[in-house]
């Protein structure tokens, strides 16, 4: 059985996925694993391929979820995105972007183009 932390993270990813689909974005994949880490969500908005890190917090003492996305995490996401492009060359001519979705107490904050 998954840990509570894993369940919270997966629930956050589901909320984020629904949120982005309601914006009209096209879902590409979820939980794409690389040696640099995992890309939570990949979406397409017109000709922009968007790699999304989702952070969810339920404990107010744990800090805001977006604070967990530091420079090292962003660097690894960028490397993971490059690996995704190697595996999926059909997207090589698309614009690329990294977004963060922070979910706290059911509230979704979307930070676009953080990297």
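Residue numbers (the working numbering): 13 to 127.
Glycine residues also receive a C-beta, built at the ideal position from the N, C-alpha and C atoms.
It should be emphasised that the depicted structure is a prediction, and the values quoted were computed from it without experimental measurement.
Residues that DSSP places opposite residue i in a beta bridge
i, result
"residue 18", "Answer by DSSP bridge pairing: none, since residue 18 is not bridged."
"residue 65", "112"
"residue 39", "55"
Given residue i as reference, the closest of the options once Cα atoms are compared
i, options, result
"residue 29", "69, 41, 91 and 79", "41"
"residue 96", "55, 14, 23 and 37", "55"
"residue 110", "52, 118 and 76", "52"
"residue 65", "72, 71, 87 and 59", "87"
"residue 72", "23, 127, 14 and 118", "118"
"residue 22", "124, 125, 121 and 115", "115"
C-alpha distance - residue i paired with residue j, whole-angstrom precision
i, j, result
"residue 20", "residue 83", "23 Å"
"residue 43", "residue 74", "24 Å"
"residue 80", "residue 67", "7 Å"
"residue 102", "residue 61", "11 Å"
"residue 36", "residue 77", "25 Å"
"residue 17", "residue 27", "15 Å"
"residue 59", "residue 14", "36 Å"
Limits of the unbroken beta strand (DSSP E) element including residue i
i, result
"residue 49", "49–57"
For this session: Mind listing, in chain order, the continuous alpha helix (DSSP H) runs of no fewer than 4 residues lying wholly within the stretch 70–103?
Result: 83–99
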